[in-house]
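K.L.:
Numbering (full-length UniProt numbering), first residue to last: 1 to 213.
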């Protein structure tokens, strides 16, 4: 681990403190502490940190002895996630300020992906978002909530009545945050030689969807 904007390493004669601010899922992994002096050296047990992005955060106190390792003083707190290694007079403190995650980058994809869709054909809209835990999804047509929920919206046997602006809203039940995608517009494009209506999805247009209810 090296020092940078989010990571602070402070070392004294007795302690070395590693602080990671705004923790993300990419900070998870195995951490070890290497302690040495002119007489001896030791490496701590490897501690695996999993970032679950929950509202409840855990505090563990992990003590390393030169002869054996043991766990003690495990308890919960709703403030921070602290892991402590102790080797005689040397201690390493890892302080993680948990960063709740998402939802972000809410987007809609159209399947099958093609320029035009004939009247009566089937279209699937898929909504995705960066969120931990996984987001819940609602769908809207022209600002009105549809009965369908979940990441997939199926449009079967498309007709003029189904044209309009489609948007989806992602909701994270842990962060209590929501974000709405930019809408995709389904509209009649032209009438082919068989007098059949042909529809097309236009590129997304900037807009803010209604709040999650």
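Just so it is clear, CB atoms sit at the ideal spot from N, CA and C, and this is done for glycine as well.
Is residue 121 closer than 9 Å to residue 225 when the C-beta atoms are compared?
P.N.:
Nothing can be reported for residue 225, as the shown portion of the chain is limited to 1 through 213.
K.L.:
I need the straight-line Cα distance from residue 179 to residue 13, nearest angstrom please.
P.N.:
Position 179 of the chain shown holds residue 179. Position 13 of the chain shown holds residue 13. Taking the straight line joining both Cα atoms gives about 48 Å.
K.L.:
Just to confirm before moving on: does the CB-CB distance between residue 47 and residue 36 stay below 9 Å?
P.N.:
Against the chain shown, residue 47 aligns to sequence position 47. Against the chain shown, residue 36 aligns to sequence position 36. The answer is no: Cβ separation not under 9 Å.
K.L.:
Please name the residue, chosen from 26, 139, 5, 155, that lies closest to residue 107 on a Cα-to-Cα basis.
P.N.:
Counting from 1 along the chain shown, the entry for residue 107 is found at position 107. Comparing Cα positions, the closest option is 139.
K.L.:
According to DSSP, is residue 27 part of a helix, a strand, or is it coil?
P.N.:
Along the chain shown, one-based indexing puts residue 27 at 27. Reduced to three states, the DSSP call for residue 27 is helix.
K.L.:
Using the Cβ count rule (16 or more neighbours within 10 Å means buried), how would you classify residue 102?
P.N.:
The residue labelled residue 102 in the question sits at position 102 within the chain shown. Buried, since its Cβ has 16 or more Cβ neighbours within 10 Å.
K.L.:
So, with DSSP's three-state summary, where would you put residue 134?
P.N.:
Translated into positions along the chain shown, residue 134 becomes position 134. The answer is coil: DSSP assigns residue 134 none of H, G, I, E or B.
K.L.:
If you draw a straight line from the C-alpha of residue 22 to the C-alpha of residue 5, how long is it?
P.N.:
Counting from 1 along the chain shown, the entry for residue 22 is found at position 22. Counting from 1 along the chain shown, the entry for residue 5 is found at position 5. For residue 22 and residue 5, the distance between alpha carbons rounds to 10 Å.
K.L.:
Pick out whichever of 184, 9, 32, 202 has its Cα sitting closest to the Cα of residue 44.
P.N.:
Here residue 44 corresponds to residue number 44 of the chain shown, with the count starting at 1. The shortest Cα separation from residue 44 among 184, 9, 32, 202 belongs to 32.
K.L.:
Taking the alpha carbon of residue 163 as the point to measure from, which residue in 134, 131, 130, 197 has its own alpha carbon closest?
P.N.:
Within the chain shown, residue 163 is the residue found at index 163, counting from 1. With distances taken between Cα atoms, residue 163 lies closest to 197.
K.L.:
Rounded to the nearest angstrom, how far is the Cβ of residue 49 from that of residue 25, given a contact under 8 Å?
P.N.:
Position 49 of the chain shown, counted from the first residue, corresponds to residue 49. Position 25 of the chain shown, counted from the first residue, corresponds to residue 25. Incorrect: roughly 11 Å between the Cβ atoms, too far for contact.
K.L.:
Does the distance from the C-beta atom of residue 126 to that of residue 152 stay below 9 Å?
P.N.:
As a first step, residue 126 must be located in the chain shown, where it is residue number 126. As a first step, residue 152 must be located in the chain shown, where it is residue number 152. Yes.
K.L.:
Straight-line CA distance for residue 8 to residue 34?
P.N.:
For the purposes of this step, residue 8 is identified with residue 8 of the chain shown, where counting begins at 1. For the purposes of this step, residue 34 is identified with residue 34 of the chain shown, where counting begins at 1. Cα-Cα distance, rounded: 17 Å.
K.L.:
With 16 as the cutoff for other CB atoms within 10 Å, does residue 146 come out buried or exposed?
P.N.:
The sequence position of residue 146 within the chain shown is 146, counting from 1. Residue 146 should be labelled exposed.
K.L.:
Buried or exposed for residue 201, please, with buried defined as at least 16 other CB atoms from any protein chain shown within 10 angstroms of its CB.
P.N.:
Counted from its first residue, the chain shown places residue 201 at position 201. Residue 201 should be labelled buried.
K.L.:
Just to check my reading of the structure: residue 183 and residue 167 have Cβ atoms closer than 8 Å, yes? What is that Cβ distance to the nearest angstrom?
P.N.:
For the purposes of this step, residue 183 is identified with residue 183 of the chain shown, where counting begins at 1. For the purposes of this step, residue 167 is identified with residue 167 of the chain shown, where counting begins at 1. Indeed, because the Cβ distance is near 4 Å, the residues count as touching under 8 Å.
K.L.:
Kindly identify the DSSP beta-bridge partner or partners of residue 115.
P.N.:
As a position in the chain shown, residue 115 is number 115, starting the count at 1. Looking at the DSSP assignment, residue 115 forms no beta bridge with any residue, so it has no partner.
K.L.:
List the DSSP bridge partners of residue 179.
P.N.:
For the purposes of this step, residue 179 is taken as residue 179 along the chain shown, with counting starting at 1. In the DSSP output, where bridge partners are listed per residue, residue 179 has 170.
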